[in-house]
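Residue numbers (the numbering used here), protein chains in the order written: chain A, 1 to 265; chain B, 1 to 288.
Okay, so here's the structure we're looking at.
As C-alpha cells, then:
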C-alpha cells in the first residue's frame, strides 16, 4: 500500500487489469502500474495502440473496474465515474439535441445549480475556450476543433479535481491540433487544474507534459517516466514552433520515439 | 424532476419555432436542384399514368366494370362527399377511419414508448417482454383478427385493439433499439458529469433514442392504417374500408377505385405528417 501524501491528487497503486474472454487468450491490458501525481501536474501517457493507456484512463475515470490494485483521487478510492474526474473524449460525446451552452451546463444541471448561475459559469467557460458568443449554436454546426473546445468547456464547467483527456486531439487535422495543444496549455496555466492526457503523438506528449509516462504493450506497463518542462517554456515565450524546434526538444522526442519503438530505454 | 434541456418548455418552443420556420423556408428557397428534378419527373409520371388510364377508359379497351373512367371516379367522389353511401358520406367514413387509427396510435405510443425504453435499459424487462412481442410481431394482424373478434366482438373496441396491436410492436421495438443506439461515450460523459442513473436516462438516453422512436412511430402509423382498412372490410358499419367493400359487393367499381385513391392519399399524408414532425422534434437526426 502506497503512503498517500496529502498533496498527491492521483495515486495509482499496483493496478492491474486483465480481460478474459472465452476462447481467446487473456489480455493483460495493465500490469502492476503504480504512480503518484501531484496537484497541478500535466501528466501525459504516451504509447502505441494496445499499450493500455486507454484502459488506464478508463479505470481512473471509473468506466472500467480494476482486476487488482487501486486508484485513489484525493485519497478517495475510485470505483465509479464522478464529477471530480472530468473527461474529455476524442469525439462524439456531445449532445446534439442541446445547443453549445446547454451542453456545457449539463453537469451543472445534474448538480441542481440554479439557471442564472449555470449561465454565468457557461458564459465564462465559453470565453475561456475562445468560443464566446457561440452559446446558441447547435453542436452539429461546429467544426471538429470547436466541438472539442465545447467538450473541454463542458468538463471544466463542473470544476473537477482532475481533467482526464482521452486522445482529445486525435480526430483533428494537424493545424487545428497544434492550436488546440496551445489552448489546453493556456487553460491549464489559468485554471491550475491537474490534467491526465493520453496520446499516441510523441511530439504532442513531449511538448505538453510536466510528467511524461511512456507505456508499452503486452503486458501494458510503464517503461519510462520523464519530468519535462517544455510546456513551461511555451507559456513563457508563447511560440510553440520555437519550443518544438530546439535541440533539447528534438533530443527528447527522439529518445521517446525509440523507447516506444524498441520497447526499452 | 428538473426539466431537461430538451423538454425545457422555453427552449423547446424556441427550437420548435425555429425548426418550423427553417423547414417552411426550405420549401420556398431556391437551392433545391436535384430534389426538384426528381419531383418534376414524378409529377409528370403521375400525369402520364392518369392520361393512359383516361385513354383506356375512353376507348373502352377494358369494360368499365374492371376499369372505370376517371371522370366517373371524380363524379362519385363529388357525389359521396355530400350524399350518404354504405352508412355515411365520404367525410363521415374518413372521420370514422381516422378516429380508429389515431386513437389506437395514441395508446400504442403511450404504452409502447415507455415499455420499449424500459426494455432497452433493463435486462429483466427485456427478458420478460421480448418473447411475446417478437412472437406476435411477424404475424399479420388479419391472421389474429378472428381471435380478437371472438374475444372482443365486432364493435369499435375490437377494431381499436387490433390496430393497437399492429402499431405497438414496431413502436416498442424501435424505442428499445433507440436506447441501444445511444453512444456509450455519451452515456459515460453523463456519469462523468455527476449524473445519477435517472438523470442520465432522462437527459441523455431518452433524447438519444428519439430518432429511432420517431422512425417507429412513422412505421407504426403506416402499418396501423393498412391494418385498419383491412379490419373494416371484415366487420364494420362505417369507415373507408367498409365503404370500399360494400361497393365491391355491388360491383360499383368507380366507388371502389375512388375509395382506394382516398385511402392511399390519406396514408401518404399521414406519412408526410410524421416526417414533418420528425424534422421539428428531432432536427439533429442524421447529423451524429
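Note that the Cβ used here is the ideal one computed from N, Cα and C, for glycine as well.
How far does the alpha helix (DSSP H) with residue 239 of chain A in it extend, from its first residue to its last?
Counted from its first residue, the first chain places residue 239 of chain A at position 239. Unbroken run through residue 239 of chain A: none, as it is neither H nor E.
Please list, in chain order, the chain A residues whose beta carbon lies closer than 8 Å to that of residue 144 of chain B.
For the purposes of this step, residue 144 of chain B is taken as residue 144 along the second chain, with counting starting at 1. The premise fails here: residue 144 of chain B is roughly 38 Å from chain A at the closest Cβ pair, so nothing lies under 8 Å.
Identify the continuous beta strand (DSSP E) that holds residue 29 of chain A and give its terminal residues.
In the first chain, counting from the first residue as 1, residue 29 of chain A sits at position 29. Counting along the chain, the beta strand (DSSP E) containing residue 29 of chain A begins and ends at 27-38.
Along the chain, where does the alpha helix (DSSP H) containing residue 204 of chain B start, and where does it finish?
The count along the second chain starts at 1 and reaches residue 204 of chain B at position 204. It is not in any alpha helix (DSSP H) - residue 204 of chain B carries neither H nor E in the DSSP assignment.
For residue 223 of chain B and residue 264 of chain B, the rounded distance between their alpha carbons:
Indexing the second chain from 1 puts residue 264 of chain B at position 264. Indexing the second chain from 1 puts residue 223 of chain B at position 223. Cα to Cα, residue 264 of chain B sits roughly 13 Å from residue 223 of chain B.
Local conformation of residue 138 of chain A per DSSP, three classes:
Counting from one through the first chain, the residue named residue 138 of chain A turns up at place 138. Looking at residue 138 of chain A - three-state DSSP - the assignment turns out to be strand.
Assign residue 45 of chain B to one of two classes, buried (16 or more other C-beta atoms within 10 Å of its C-beta) or exposed (fewer than that).
In the second chain, the residue the question calls residue 45 of chain B occupies position 45. Residue 45 of chain B is exposed by the Cβ-count criterion.
Below 8 Å on the Cβ atoms is my guess for residue 154 of chain B versus residue 182 of chain B; work out the distance and round it to an integer in Å.
The sequence position of residue 154 of chain B within the second chain is 154, counting from 1. The sequence position of residue 182 of chain B within the second chain is 182, counting from 1. Not confirmed; about 43 Å, so no contact.
From which residue to which residue does the beta strand (DSSP E) around residue 61 of chain B run?
Within the second chain, residue 61 of chain B is the residue found at index 61, counting from 1. Run containing residue 61 of chain B: none; DSSP gives neither H nor E here.
Member of A:78, A:154 and A:140 whose CA lies at the smallest distance from the CA of residue 101 of chain A
Along the first chain, read from residue 1 onward, the residue named residue 101 of chain A stands at position 101. Per the Cα distances, A:154.
Under 7 Å, CB to CB, which of the residues in the region 240-258 of chain B have a partner in chain A?
none
Closest by CA to residue 175 of chain A, which one among A:241, A:126 and A:186?
Mapped onto the first chain, residue 175 of chain A falls at position 175. Checking every option, the nearest Cα to that of residue 175 of chain A belongs to A:241.
Burial state of residue 268 of chain B, where buried means 16 or more other Cβ atoms lie within 10 Å:
Taking the second chain and counting its residues from 1, the one referred to as residue 268 of chain B is at position 268. So residue 268 of chain B counts as exposed.
Cβ neighbour criterion (16 or more within 10 Å) applied to residue 42 of chain B
Here residue 42 of chain B corresponds to residue number 42 of the second chain, with the count starting at 1. Exposed, since its Cβ has fewer than 16 Cβ neighbours within 10 Å.
Quick one: is residue 66 of chain A near chain B, going by C-beta distance under 7 Å?
On the first chain, residue 66 of chain A is found 66 positions in, with the first residue counted as 1. Not an interface residue.
Apart from the five residues on each side of it in sequence, which residues of its chain come closer than 7 Å, Cβ to Cβ, to residue 40 of chain A?
If you number the first chain from 1, residue 40 of chain A lands on position 40. Cβ neighbours of residue 40 of chain A beyond the five flanking positions: 192 and 194.
In whole angstroms, what separates the C-alpha of residue 49 of chain B from that of residue 149 of chain B?
One-based indexing of the second chain puts residue 49 of chain B at position 49. One-based indexing of the second chain puts residue 149 of chain B at position 149. Cα to Cα, residue 49 of chain B sits roughly 40 Å from residue 149 of chain B.
For residue 109 of chain A and residue 117 of chain A, the rounded distance between their alpha carbons:
Counting from 1 along the first chain, the entry for residue 117 of chain A is found at position 117. Counting from 1 along the first chain, the entry for residue 109 of chain A is found at position 109. Cα to Cα, the separation comes out at about 10 Å.
Using 10 angstroms around the beta-carbon of residue 200 of chain B, count the other beta-carbons present and answer buried if the total reaches 16, otherwise exposed.
Here residue 200 of chain B corresponds to residue number 200 of the second chain, with the count starting at 1. The residue is buried, with at least 16 neighbouring Cβ atoms inside 10 Å.
Cβ-Cβ distance between residue 178 of chain A and residue 198 of chain A below 7 Å:
Reading the first chain from its first residue, position 178 is the one you call residue 178 of chain A. Reading the first chain from its first residue, position 198 is the one you call residue 198 of chain A. For residue 178 of chain A and residue 198 of chain A, no; Cβs fall outside 7 Å.
Any idea what DSSP makes of residue 12 of chain A, helix, strand or coil?
As a first step, residue 12 of chain A must be located in the first chain, where it is residue number 12. Reduced to three states, the DSSP call for residue 12 of chain A is strand.
Three-state secondary structure (DSSP) at residue 252 of chain B?
What you label residue 252 of chain B is simply residue 252 of the second chain in a count that begins at 1. Reduced to three states, the DSSP call for residue 252 of chain B is coil.
I need the boundaries of the beta strand (DSSP E) containing residue 290 of chain B, first residue and last residue.
Nothing in the structure corresponds to residue 290 of chain B, since chain B is present only between 1 and 288.
Min CB distance residue 181 of chain B to chain A below 7 Å
Your numbering for residue 181 of chain B matches position 181 in the second chain. Answer no: the Cβ-Cβ gap between residue 181 of chain B and chain A never drops below 7 Å.
Give the list of continuous alpha helix (DSSP H) stretches no shorter than 4 residues that lie fully inside the region 183-258 of chain A.
202-208, 230-237 and 240-244
Residue 191 of chain B classed as buried or exposed, judged by whether at least 16 other C-beta atoms fall within 10 angstroms:
Taking the first residue of the second chain as 1, we reach residue 191 of chain B at position 191. Residue 191 of chain B should be labelled buried.
Does the beta carbon of residue 158 of chain A come closer than 7 Å to any beta carbon on chain B?
Stepping through the first chain from its first residue, residue 158 of chain A is reached at position 158. It does: the Cβ of residue 158 of chain A has a partner Cβ on chain B nearer than 7 Å.
Contact criterion: CB-CB distance below 7 Å. Does residue 188 of chain B meet it with respect to chain A?
Position 188 of the second chain, counting from 1, holds the residue named residue 188 of chain B. At least one chain A Cβ lies under 7 Å of residue 188 of chain B.
Who are residue 72 of chain A's beta bridge partners in DSSP?
If you number the first chain from 1, residue 72 of chain A lands on position 72. Residue 72 of chain A is bridged to A:11 and A:77.
Length-filtered (4 minimum) alpha helix (DSSP H) runs lying within the region 90-168 of chain A
100-110, 115-128 and 144-157
CB of residue 53 of chain A within 7 Å of CB of residue 45 of chain A, strictly:
Looking up residue 53 of chain A in the first chain gives position 53. Looking up residue 45 of chain A in the first chain gives position 45. In this structure, residue 45 of chain A lies closer than 7 Å to residue 53 of chain A by Cβ.
Distance cutoff 7 Å, beta carbons only. Does residue 110 of chain A sit that close to anything in chain B?
Counting from 1 along the first chain, the entry for residue 110 of chain A is found at position 110. Yes, residue 110 of chain A lies at the interface with chain B (some Cβ there is under 7 Å from its Cβ).
Between the beta-carbon of residue 235 of chain A and the beta-carbon of residue 189 of chain A, is there less than 7 Å?
Here residue 235 of chain A is taken as the residue at index 235 of the first chain, counted from 1. Here residue 189 of chain A is taken as the residue at index 189 of the first chain, counted from 1. Yes, the Cβ-Cβ distance between residue 235 of chain A and residue 189 of chain A is below 7 Å.
Out of curiosity, what's the CA-to-CA distance linking residue 145 of chain A and residue 96 of chain B?
The sequence position of residue 145 of chain A within the first chain is 145, counting from 1. The sequence position of residue 96 of chain B within the second chain is 96, counting from 1. Rounded to whole angstroms, residue 145 of chain A to residue 96 of chain B spans 55 Å at the Cα level.
Contact criterion: CB-CB distance below 7 Å. Does residue 240 of chain A meet it with respect to chain B?
Here residue 240 of chain A is taken as the residue at index 240 of the first chain, counted from 1. No - not a single Cβ of chain B is within 7 Å of the one on residue 240 of chain A.
Below 7 Å CB to CB, which residues in the same chain sit around residue 260 of chain B once its five sequence neighbours on both sides are set aside?
As a working mapping, residue 260 of chain B is identified with position 260 in the second chain. Within the same chain, residue 260 of chain B has close Cβ partners 244.
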